[in-house]
Each structure stands twice: as C-alpha cells, then as structure tokens.
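Right, one structure below, let's go through it.
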Amino acid sequence: MTPHAEGIPNSNSIPAVNRGCSSSFQLEEHPLDEISSIKVIVVGGGISGILAGILLPIKVPGLQLRILERNSDLGGVWHTNVYPGVKCDIPADVYQSTFAPSTAWTSNYPSGDEIQEYWKSLAMQYDVEKLINYNTSVERAQWCEKTATWKVYGSKGEETFEDEAHILITATGLFSTPVLPDIPGLKDFEGVVMHTGGWDPSFDAKGKRLAVIGNGSSGLQILPQLQKVAHQLDHYVRSRTWVAPSFGGDGKLTEKREAPPISTAEYIQYRKRMENMTFARYSILIKDQPMSQNAKFAFQKLMAERLGSRTDLLHAIVPDFSPNCRRLTPAPGYLEALAKDNVEYITTSITNATKTGLATQNGVHRDYDAIVCCTGSDTSFAPTFSILAREGFDLQQAWRSDGSIGFPDTYLGIAAPSVPNLFFILGPNSTGHPGPLIHTIETQIAHLAKVLRKVSMQRIRTITPTAAAAADFRAVCEAYFPRTVMSESCRSWYNGGVPGGRNMVSRVSYNSMTAGPSCPEIAFWPGSAWHANIVRRDPRWEDYEYTYQNPSGNRFAYFGNGWTLKDVEAAANPQDPPDFTSYLDVNSVTGSADLKMYHESWCEGWTGV
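Next up, the structure:
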C-alpha cells in the first residue's frame with residue numbers, strides 16, 4: 004500500500020504553509036523506507052565471493068546480486084590448485100566462517116579438496132549458487148555516466164556476455180592468475196612445464212628428473228611429495244626463507260587433529276583461543292619488539308633440529324631478514340625432504356632454458372623430464388580485467404608498474420579515488436596482519452553492506468572516494484611500514500617481489516628485479532588486524548563525494564513525502580497499527596538492556612526486514 008491509498012492524505016492535499024519563503028523543489032512521492040532496489044555485481048566466486056553471496060543479501064534490503072565466476076565451480080584457488088600436497092597452511096578451525104563452522108575437519112591442516120568442499124557446502128546451505136554465473140570471464144567493465152552504472156563485458160563459454168550494475172565489487176583474490184618465470188628459452192623446453200596453479204593431475208612424477216623452481220608456499224608443500232617418487236629433484240631458489248613452526252609457534256608440526264570439542268561451550272572456547280592467538284601476534288611484525296627478535300632465534304633453532312647434520316643446508320636457507328618479511332609457511336616435511344640424497348638445493352641463478360633442461364650462471368647445465376614452477380601469481384593488485392572509469396581512465400593500466408600511477412592507489416584498500424561505485428574485497432592495504440583472514444573478509448563485507456544500504460536508502464546515484472582522502476591514507480601507509488619487518492630486504496608477494504619495495508608493483512623478470520621506491524608500501528593494512536576492524540566499523544561518509552538520483556540534486560530528496568511504511572499501515576488500519584516499539588522488550592522494561600548497542604541496530608523499525 005502507498006500513501007495515496009483511499010482515505011490516506013497525500014502531500015498534494017495538504018495546504019502549503021507560506022512563511023515568507025518558497026521552493027521549487029518537489030517532494031518524491033514515496034515513504035522514506037520504501038525499499039529501493041540496487042543491483043550489484045561481484046566478480047569472483049572464491050571465498051570472498053561466497054561470503055559476499057551469503058552476507059550481502061541478508062544485510063542489504065532490495066539487493067539484486069550477481070556473482071561472476073570464470074571457473075566451472077566455486078572455491079577460487081581451492082578449485083584451481085590441485086597439485087600434490089596442496090593444503091591449508093593455517094589451522095582449518097581458523098580458516099572457516101565465524102557463523103557456520105565445521106568441527107569435523109580430518110586434519111589441523113586439511114587438503115585443498117577438503118577446504119573446497121567446506122566452502123561449497125556453505126554456499127549450498129545459504130543458497131549462493133543461484134546467484135552465480137559460472138564459466139563467465141570478465142574482460143572489461145566500463146563506467147556509463149549517463150546511467151551511472153557499470154557495463155560489464157566478457158565471455159561465457161563461446162558466447163559474449165554483457166551485464167550492468169549500479170555497484171561493481173571485485174573479489175578476484177590475490178592468487179588467481181599464475182605467473183610462469185620469465186626464463187629465456189622456457190618455451191623451447193621439450194619436456195613438461197607446469198605451474199602449481201595449473202597442475203595436470205594426470206602427470207606422473209615417478210622416476211623422473213625434476214626441476215622445482217621457487218620456495219613460496221606451493222614450493223614448500225609440493226617438494227616433499229615429489230621427492231618421494233622422483234629419481235632426482237633439483238630445487239632452484241633465489242631467496243632464502245624461514246620455515247615456520249606450527250601455528251602458535253610451539254614447534255610441533257603434527258597434522259593430527261585433537262578430538263573435537265563435545266559441547267557448544269567447549270567449541271566456543273576452543274575457537275576463541277585459536278583466533279585470539281592470531282590477533283595476539285601483531286608485535287612480531289614490528290622491528291625491535293621482543294616477539295620479533297625472539298622469533299629469529301626460535302625459528303633457526305627449530306630449522307636446525309629438523310635438518311639434523313645438514314648444516315650446509317641450514318646456512319644456505321636461513322635468511323638475514325626477519326621472519327614475517329615473507330609469508331611464513333609451516334611446511335611439514337619440507338626441510339626433511341631437502342636433506343634426502345635425491346634432492347639438490349641450488350641457489351645459483353638460472354640464465355636460460357634449453358630443449359633438454361636448465362642452465363645456470365655458473366655454466367652448469369642440467370637435463371630434466373619436467374620443470375615444476377612454484378613461482379606464484381600476479382600479485383600486482385592491478386585488476387584482472389580492464390576497468391574504464393570516467394574520461395576513459397583505465398584502472399588496470401594505471402595501477403601497473405609502468406602505468407600512469409605505477410601502483411594501486413586506494414582509499415582504505417576498499418575503493419579507488421575518483422572512481423565511482425567501485426569497491427574491492429581484499430584489496431591492496433586492506434587486510435590487517437596477522438589475524439584470521441576469514442574474519443577480515445567478513446568484516447570488510449559488513450562494511451560494504453553499510454555502504455550499499457546508504458546508497459540504496461538515500462537514493463544515491465554515485466559514491467566516490469575523494470582524492471584527498473586517498474592521499475591521506477597513502478601517507479599513513481608510507482609512514483607506517485618502515486616500522487615493520489616487512490620493509491626489510493626480502494622478496495615477497497608482500498612487496499611484489501622487490502626487496503624493500505611496494506607490494507603494488509607488477510611481476511617483472513624472474514632473474515632481474517627493478518629497484519623499488521625508497522619507502523615501501525606493503526599489501527597489508529597500516530596497523531594490526533584488530534586496528535583495521537575498529538577503523539572499518541563505522542564508514543567515514545565525509546571521505547566520499549555524492550550525486551543523487553533526484554534531478555534537483557537535493558541530498559534529502561530520499562525523505563520522500565514524510566511518511567514511513569509503518570505510518571501508511573497505521574493510517575490504513577488505525578485500530579490495529581503496526582509495532583513501532585521494537586525497542587521495548589523484556590530487557591528494556593526490566594532495566595537490563597545492553598545500553599552500549601541500544602537504538603543502534605540498523606534494521607530496528609524497518610518494515611519487512
């Protein structure tokens with residue numbers, strides 16, 4: 004029912020009160036809280052996309068949501084990474100949703116298959132699959148000023164694809180685009196070349212001569228599996244790395260899972276303990292903090308114990324930089340595998356590939372049956388597709404190292420300055436570290452839900468972060484990161500593979516890296532994970548510029564005609580009006596209400612929500 008129903012006064016029947024002023028503004032004829040639809044496209048069906056598909060429809064009335072996923076199934080990296088040994092390298096109890104956890108994990112560090120199955124089951128439980136377009140590859144998003152919408156173009160199988168939305172959200176993740184090393188002649192190699200991010204499950208490594216390039220997480224995980232079956236395995240590394248103890252730093256690398264808690268109360272305490280441990284280790288990132296200094300000695304001691312008599316390997320592996328300059332990986336079995344007779348650890352730079360193998364800078368050539376590339380993904384943070392904003396500004400091109408900006412320039416890691424109606428999940432400088440990643444994703448989505456509700460309810464046409472707000476955020480980042488161990492001289496996806504550089508630079512030559520800027524700007528939030536959660540709790544609306552759907556541009560046009568839906572219902576049925584007093588309950592009338600949150604629920608009083 005609308006305010007124009009029979010017997011209900013409308014604004015045209017109420018005499019105007021002349022108090023010496025006049026206005027040409029015309030009220031919009033709708034109740035204030037009449038839900039206005041808002042169409043949103045999320046690009047990416049990994050964990051971020053799944054959580055967006057669960058949380059946003061619940062939190063944003065009137066939402067029309069579509070998720071575009073280029074693969075044939077959900078899961079992101081857990082769908083595409085199927086190499087031997089792939090697993091979650093943090094405990095599964097932390098790597099799951101906070102609102103629908105599993106207590107049935109088979110291991111502390113379960114396989115990639117088990118991780119994917121959990122997230123797929125969550126998507127089914129919350130009916131996310133109906134929102135997803137599979138096999139849909141986005142190639143370009145273009146801003147249309149006339150309609151204030153994003154036009155999204157791509158392909159769906161053999162056909163072209165086109166869609167449109169008020170708001171575009173990228174949730175493509177950081178590890179979605181595998182990158183092969185830029186080794187001259189690699190295409191001429193006549194054996195098998197595979198990246199761990201594009202593993203062929205039919206490949207049989209038994210009895211073969213293998214080159215394994217790279218010692219990031221995938222390299223540390225796959226090497227022990229290949230070592231068991233290979234005739235010879237040569238491990239090529241260009242950077243030293245810390246091999247972490249288990250989660251929590253107790254040195255125990257067992258994957259055996261404790262007996263699951265038998266009651267809800269026990270599980271809550273168990274989960275709280277696990278997640279609190281991730282939040283509580285922030286000081287390990289800060290130079291000269293006791294936890295950071297002690298980590299070096301503790302890690303080196305544990306690595307020495309695991310390598311046994313192979314002190315030569317210990318000296319070759321242990322870095323000069325602090326733990327957490329690079330991402331830490333527990334890597335059960337990695338150090339033990341390096342010490343086996345069929346493994347050689349090679350730190351000499353690769354100069355080129357040949358038809359039969361690899362040559363190194365010292366003139367040695369080695370023949371191989373297969374070259375396994377554990378060389379990571381494109382971690383430039385540039386969008387995976389072209390984003391054409393106002394006046395043809397291409398965000399993808401601008402953020403690349405050779406682009407007009409040269410690094411991803413963001414507002415709080417969630418949006419781009421001067422680009423309207425575009426938001427990111429897990430964007431550059433958005434993620435507090437250390438901390439539970441899934442909780443971080445959930446809170447980022449909750450923040451975006453507040454933005455979407457404002458856009459929808461206030462009938463906002465465009466919402467755009469100001470350049471000044473982004474510049475201030477960037478200044479904070481550049482002042483903060485030199486205090487952390489992440490600014491030390493190591494190659495990491497944290498800094499785009501440039502020692503001491505930004506995490507905002509594109510991947511360049513495998514054997515020669517360009518020098519980074521003098522002041523590092525790293526992937527993470529300029530503060531702890533809890534710090535990020537507090538800042539994101541309440542959006543800073545003053546950091547945005549707005550235009551409005553009403554042609555007058557009046558920011559209060561969304562007030563409508565002065566009615567709310569409850570007012571309409573009460574006028575239609577005055578003998579049995581709706582409940583205006585949801586704030587009155589047993590807690591409020593007995594004096595036991597939680598006043599910290601009293602009158603602050605976003606959905607309090609909304610009709611139909």
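In our numbering, the protein residues as written are 4 to 612.
Backbone N, C-alpha and C fix where the C-beta goes; we use that ideal spot for every residue, glycine too.
Note that the structure is predicted; figures quoted are calculated from it, not measured.
Check your understanding: Should C606 be flagged as near chain C, meaning a C-beta pair shorter than 8 Å?
Key -> Absent from the structure is chain C; it holds one protein chain and no more.
**Study point:** 4 or more residues per run - each alpha helix (DSSP H) lying fully within the stretch 390-424
**Key:** 398-402
Check your understanding: Run through DSSP, which three-state label would K3 get?
Key -> As displayed, the chain neither begins before 4 nor continues past 612, which places residue 3 out of reach and without an answer.
Review point. How should T101 be labelled, buried or exposed, when 16 other C-beta atoms within 10 angstroms of its C-beta is the threshold for buried?
Key: exposed
Review point. When DSSP labels each residue in this structure, what does L361 get in the three-state scheme?
Key: strand
**Study point:** Counterpart residues of C493 in DSSP-defined beta bridges
**Key:** Answer by DSSP bridge pairing: none, since C493 is not bridged.
Review point. Hey, how far is the Cα of S405 from the Cα of E603?
Key: The question names Ser, but residue 405 in the sequence shown is Asp. Answer to the nearest angstrom: the Cα atoms are 47 Å apart.
Review point. Would you say the stretch 560-574 touches the stretch 466-477, given that touching needs at least three Cβ pairs under 8 Å?
Key: no
Review point. If you draw a straight line from the alpha carbon of V367 to that of G200, how long is it in whole angstroms?
Key: 28 Å
**Study point:** CB-CB length for R462 against A560, believed under 8 Å
**Key:** 7 Å
Review point. Based on the DSSP output, what are the partners of Y547 in its beta bridges?
Key: P468
Exercise for review: Answer with buried or exposed for I70, where buried requires no fewer than 16 other C-beta atoms within 10 angstroms of its C-beta.
Suggested key: buried
Exercise for review: Look at F324 and E491 and say whether their C-beta atoms are less than 8 Å apart.
Suggested key: yes
**Study point:** DSSP state of G200 mapped onto helix, strand, coil
**Key:** helix
**Study point:** Start-to-end residues for the alpha helix (DSSP H) that takes in A449
**Key:** 440-460
Review point. Alpha carbon to alpha carbon, how far is S114 from S51?
Key: 19 Å
Check your understanding: Thinking C-alpha only, which one of V458, K453, W528 is nearest Y483?
Key -> W528
Review point. Between T175 and C328, what straight-line distance do the alpha-carbon atoms span, to the nearest angstrom?
Key: 24 Å
Point to revise | Length of the line joining the Cα atoms of W605 and S591 | key: 18 Å
**Study point:** Beta carbon of L35 nearer than 8 Å to that of F562
**Key:** yes
Point to revise | Q552: first and last residue of the uninterrupted beta strand (DSSP E) it sits in | key: Counting along the chain, Q552 falls outside any beta strand (DSSP E), and DSSP gives it neither H nor E.
**Study point:** Identified DSSP bridge partners for S140
**Key:** S158
Exercise for review: In angstroms with no decimal places, state the Cα-to-Cα distance between N623 and G222.
Suggested key: With the chain running from 4 to 612 in the structure shown, residue 623 is simply not present.
Check your understanding: For the candidate residues V89, L317, D130, whose alpha-carbon lies nearest to that of P204?
Key -> V89
**Study point:** Secondary structure of S380, DSSP reduced to three states
**Key:** strand
**Study point:** Cut-off 6 Å between Cβ atoms - residues of its own chain near A596, not counting five sequence neighbours on either side
**Key:** N590
Review point. Can you tell me the Cα-Cα spacing of V141 and T446, whole angstroms?
Key: 26 Å
Exercise for review: Could you give the DSSP three-state label for T350: helix, strand or coil?
Suggested key: coil
Practice item. Check Y285 in the structure and name its three-state DSSP category. Key: helix
Exercise for review: Using the Cα positions of I320 and S158, report the straight-line distance between them to the nearest angstrom.
Suggested key: 45 Å
Review point. Between I118 and W81, which are expected to be in contact by the criterion C-beta below 8 Å, what is the C-beta distance as a whole number of angstroms?
Key: 5 Å
Check your understanding: Smallest Cα separation from A418: which of P439, I390, W122?
Key -> I390
Review point. Between the stretch 356-365 and the stretch 265-281, do three or more beta carbon pairs fall short of 8 Å?
Key: no
Review point. If you draw a straight line from the alpha carbon of V454 to that of E148, how long is it in whole angstroms?
Key: 20 Å
Check your understanding: For D597, which of helix, strand or coil comes out of DSSP?
Key -> coil
Review point. In terms of residue numbering, what span does the beta strand (DSSP E) encompassing A2 cover?
Key: With the chain covering only 4 through 612, there is no way to say anything about residue 2.
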